[in-house]
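Presented below is the structure to which this report refers.
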Amino acid sequence: MLWRSILACLLSFILSSCSSDTKLFGYTLWGRPYYGNSSSSVRVQKGDTLYSIARANDVPIREIIEINNFRPPYTLRIGQIVALPKAKYHIVEKGDTLYNISKRYNVDMPTLSRTNNLVAPFTLKLGQRLLLPGSIVTRQKNYIKTSQKTKTTTQKSSYSKYTYKQPSTKRKQKFVWPVNGKVISNYGPIAKGRNNDGINIKAPKGTPIKAADNGTVAYAGNELKGFGNLILIKHNDGWVTAYAHADRINVSKGQKVTKGATIGTVGTSGGVSTPQLHFETRAGKKALNPKAYLQ
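Per the working numbering, the sequence shown runs over residues 5 to 299.
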């Protein structure tokens with residue numbers, strides 16, 4: 005799912021010690037669905053960052069990272085060529101419905117509606133532009149002219165200075181259960197080819213959510229629509245725990261928390277209809293079955 009890949013992107017920023025400020029994601033990644041950039045690439049100027057380039061060209065920062073195969077820490081050089089993604093749209097005509105448009109382009113209707121921030125009853129207007137899911141990243145390897153390949157090679161080699169150390173999957177201390185309740189969705193494969201990177205625990209709305217261990221709040225917000233109100237806690241050994249679908253968030257980014265401390269309350273935010281907590285345990289970026297690490 006798109007929002008799961010975005011969570012992975014967010015974790016990359018957190019674990020590489022790059023800025024995970026919500027401003028980085030707030031405008032370009034979660035903003036308007038119409039990108040409309042006319043250039044295919046830009047040349048990096050003094051003071052440019054991925055964020056400033058994304059904002060200036062009205063494209064999602066995640067798509068710039070993917071189309072250029074960038075790796076943390078996402079350092080740019082003056083004069084470097086950065087490729088920009090292109091978006092495809094459908095212009096609404098008489099008789100169009102969200103359903104028949106989704107069938108025409110072979111995309112599922114929920115994804116099409118989420119991509120364009122549409123809500124039931126999904127009323128469309130003549131001439132309205134609908135962004136087609138999956139049309140942004142083309143991963144074209146020939147986006148830079150042959151004469152610029154040397155620059156690309158130099159760019160990639162500069163990333164070799166960054167080394168990411170994967171934390172051990174063997175953890176000495178167990179996590180405590182963030183809430184008490186019935187597990188209604190287990191870790192691993194679920195229906196229609198999807199995969200659950202954690203577990204979902206059913207609990208009454210308003211039930212306190214506890215920090216699974218000591219750590220620092222790396223993210224607290226609701227930019228990832230599928231997760232709703234989301235909290236990420238980075239622990240001293242490089243592990244990260246995620247708490248999604250919260251009703252309320254009681255902590256803020258950078259705050260130190262202790263094991264068992266209340267960090268929020270159970271809710272139905274994001275893509276769920278019944279009160280529950282989606283909980284993940286990750287050794288760095290690697291999602292592991294929480295049940296194996298809970299006591």
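All C-beta atoms, glycine included, are put in the ideal place defined by N, C-alpha and C.
Give me the DSSP bridge partner(s) of residue i.
i, result
"Ile-85", "Arg-47"
"Ser-189", "Asn-204"
"Ile-105", "According to DSSP, Ile-105 bridges with nothing at all."
"Glu-284", "Ala-246"
"Ala-224", "Ile-235"
"Arg-133", "Ile-95"
On the premise that residue j lies in contact with residue i, defined as a C-beta separation below 8 Å, what is that separation, rounded to the nearest angstrom?
i, j, result
"Ala-224", "Ser-256", "6 Å"
"Gly-83", "Val-48", "6 Å"
"Ile-57", "Ile-68", "7 Å"
"Ile-205", "Leu-281", "5 Å"
"Lys-209", "Pro-137", "The Cβ separation is near 31 Å, so there is no contact."
"Arg-286", "Trp-243", "6 Å"
Measuring only the C-alpha atoms, how far is residue i from residue j?
i, j, result
"Pro-114", "Ala-195", "16 Å"
"Pro-171", "Gly-219", "15 Å"
"His-94", "Tyr-109", "9 Å"
"Glu-284", "Asn-293", "8 Å"
"Phe-29", "Asn-233", "Here the model assigns Phe-29 a pLDDT of 28, short of 50, so the residue's position is not dependable and the matter cannot be decided."
"Asn-72", "Gly-271", "38 Å"
"Arg-75", "Asp-241", "22 Å"
"Ser-42", "Tyr-78", "Because the pLDDT of Ser-42 is 45, which lies under 50, any placement of that residue in the model is unreliable, and the question is left without a value."
"Pro-193", "Gly-202", "11 Å"
"Phe-231", "Tyr-191", "16 Å"
"Gly-229", "Leu-116", "Per the sequence presented here, residue 229 reads as Lys, with Gly not at that position. For Lys-229 and Leu-116, the distance between alpha carbons rounds to 14 Å."
"Thr-53", "Leu-80", "7 Å"
"Gln-132", "Asp-100", "11 Å"
"Asp-112", "Asn-104", "10 Å"
"Lys-260", "Asn-254", "12 Å"
"Leu-236", "Val-123", "28 Å"
"Ala-250", "Val-183", "12 Å"
Chain D beta carbons: is any one of them nearer than 9 Å to that of residue i?
i, result
"Ile-194", "Among the chains of the structure shown, chain D does not appear; only one protein chain is present."
Are residue i and residue j closer than 9 Å when you measure CB to CB?
i, j, result
"Ala-248", "Gly-274", "yes"
"Leu-135", "Asn-120", "yes"
"Tyr-297", "Phe-179", "yes"
"Thr-258", "Ile-213", "Before going further, note that residue 258 is Gly rather than Thr in the sequence given. Cβ atoms of Gly-258 and Ile-213: not closer than 9 Å."
Please determine whether the Cβ atom of residue i lies at a distance below 8 Å from any heavy atom of the ligand GDP.
i, result
"Leu-135", "Looking at this structure, you won't find the ligand GDP or any other ligand, since it has none at all."
- Quick one: complete beta strand (DSSP E) runs, 3+ long, within the stretch 232–274? If only uninterrupted beta strand (DSSP E) runs of at least 3 residues are considered, those enclosed by the stretch 232–274 are 233–238, 243–253, 266–270.
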